[in-house]
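In this note's numbering, the protein residues as written are 43 to 420. As structure tokens, the structure follows; a few thoughts come after it.
In structure tokens, the structure reads:
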């Protein structure tokens, strides 16, 4: 996450030198992790985000001396929060996540005023998941759109979500906001499920995909090329996308390992610390990771049986993971084959259930399910 204790100047200077623009996010710390976080203040995040963002401004987001401060020219966009619709509990409740976001936006604007920031300012966004929102006012069956629509309404009238704003949020929203979502869906379904209805209902408001990568796509290169064509099409509102993600998340494991472009190699470069009193960490050379396997056939496969139940229990002795957006049983088998801890799998439409347990000797019957083991690993 974005630890406000660390100065960002060197990083932003290097990004500018390399011709890169930076999309920076406010970490989950003020929202969910700090003592007195806004999950405990009825989702009013003003004071928590004000302090957090003010420190970011002091630690590299602003440049200049004396009374005039401007944003660092490498900063392109600020993400208020990543996937607030899923992280605030209970999830997908617009009254809660919208109150959190409008109060956070209000706090950001006041933090800028405290420093008398002048000149061009970065765009602002809140990145939603690609989940459907049954409690949203509209678009309950379309991914991401209900969340974006309710946030727009809350910006126009913050009192509708129980918040009294200090600033004109609707004016600031119209001037600086852009929308964003994350998705693991392939390009074809992204257009039909999201971009087409988005353009019909959010005219003039650009959108970008903050996390794009569809590991389950049969041909990832073709899918990436389709996304690039869509982003380069000036007739759409899609501004662009960030390919997710640079390095595999070993700390998360499971399906998260399928997104990284690079993994850690075997050659250490040296050790480093984050602070004078922190642990020593080893920096490793990176190695490219192969794309997930998409098998045309699977060596050990059985139809209408369930090796991995929907209510599988995970503990310290048995590994398990459910991965969504898996199009075919063969893809589920290939995903299991990639993970050394996986010994059995069950595919039901659009979902791959994987387990570290061996296939049961007497599996349950389940119409439409396909199950198997990964076979021999190379």
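Note that the Cβ used here is the ideal one computed from N, Cα and C, for glycine as well. The model shown is predicted, which means the values in this text are computed figures rather than measured ones.
**Report entry** Assigned secondary structure, residue 327 (DSSP; H/G/I helix, E/B strand, else coil)
**Finding:** In the chain shown, residue 327 corresponds to position 285, counting from 1. Three-state DSSP puts residue 327 in a strand.
Requested in this report: Go ahead and label residue 56 buried or exposed: buried means 16 or more other beta carbons lie within 10 angstroms of its beta carbon, across all protein chains shown.
Outcome: By one-based count along the chain shown, residue 56 stands at place 14. Exposed, since its Cβ has fewer than 16 Cβ neighbours within 10 Å.
Query - Residue range of the beta strand (DSSP E) that includes residue 314 - result: As a working note, residue 314 is residue 272 in the chain shown. Element bounds for residue 314: 304-314.
Query raised in the report: Can you check whether the CB of residue 88 is closer than 7 Å to the CB of residue 49?
Result: On the chain shown, residue 49 is found 7 positions in, with the first residue counted as 1. On the chain shown, residue 88 is found 46 positions in, with the first residue counted as 1. No, the pair does not count as a contact, with Cβ atoms beyond the cut-off.
Report task. Would you kindly work out how many angstroms separate the C-alpha atoms of residue 65 and residue 202, rounded to a whole number? Result -> By 1-based counting over the chain shown, the position of residue 65 is 23. By 1-based counting over the chain shown, the position of residue 202 is 160. Answer to the nearest angstrom: the Cα atoms are 30 Å apart.
Query raised in the report: So, using beta-carbon positions, are residue 162 and residue 143 closer together than 7 Å?
Result: Within the chain shown, numbered from 1, the residue matching residue 162 stands at position 120. Within the chain shown, numbered from 1, the residue matching residue 143 stands at position 101. No, the Cβ-Cβ distance between residue 162 and residue 143 is not below 7 Å.
**Report entry** As assigned by DSSP and simplified to three states, the class of residue 409
**Finding:** Working through the chain shown from its first residue, we reach residue 409 at position 367. It is a strand residue.
Query - Candidates 299, 61, 160, 378: closest to residue 116 by CA position - result: Within the chain shown, residue 116 is the residue found at index 74, counting from 1. The closest CA to that of residue 116, considering only 299, 61, 160, 378, is found on 61.
Query raised in the report: Would you call the segment 272-286 and the segment 242-251 in contact, with 3 or more CB pairs under 8 Å?
Result: Three or more Cβ pairs drawn from the segment 272-286 and the segment 242-251 lie within less than 8 Å of each other, which places the two stretches in contact.
Requested in this report: Name the two residues that bound the continuous alpha helix (DSSP H) containing residue 352.
Outcome: For the purposes of this step, residue 352 is taken as residue 310 along the chain shown, with counting starting at 1. It is not in any alpha helix (DSSP H) - residue 352 carries neither H nor E in the DSSP assignment.
Query raised in the report: Taking the C-alpha atoms as reference points, what is the distance between residue 211 and residue 368?
Result: Position 169 of the chain shown, counted from the first residue, corresponds to residue 211. Position 326 of the chain shown, counted from the first residue, corresponds to residue 368. So the two alpha carbons sit approximately 40 Å from each other.
Query raised in the report: With a CB to CB cut of under 8 Å and the five nearest residues on each side skipped, what residues in its chain are close to residue 220?
Result: Taking the first residue of the chain shown as 1, we reach residue 220 at position 178. 119, 165, 166, 167, 247, 248, 249, 250, 281, listed in sequence order.
Query raised in the report: Any idea what DSSP makes of residue 285, helix, strand or coil?
Result: For this step, residue 285 is matched to residue 243 along the chain shown. Residue state, collapsed to three classes: strand.
Query raised in the report: When DSSP builds the beta bridges, which residues end up paired with residue 25?
Result: With the chain represented from 43 up to 420, any question about residue 25 goes unanswered, as that position is not in the structure.
Query raised in the report: Out of curiosity, what's the CA-to-CA distance linking residue 193 and residue 86?
Result: Counting from one through the chain shown, the residue named residue 193 turns up at place 151. Counting from one through the chain shown, the residue named residue 86 turns up at place 44. In a straight line, the C-alpha of residue 193 is about 15 Å away from that of residue 86.
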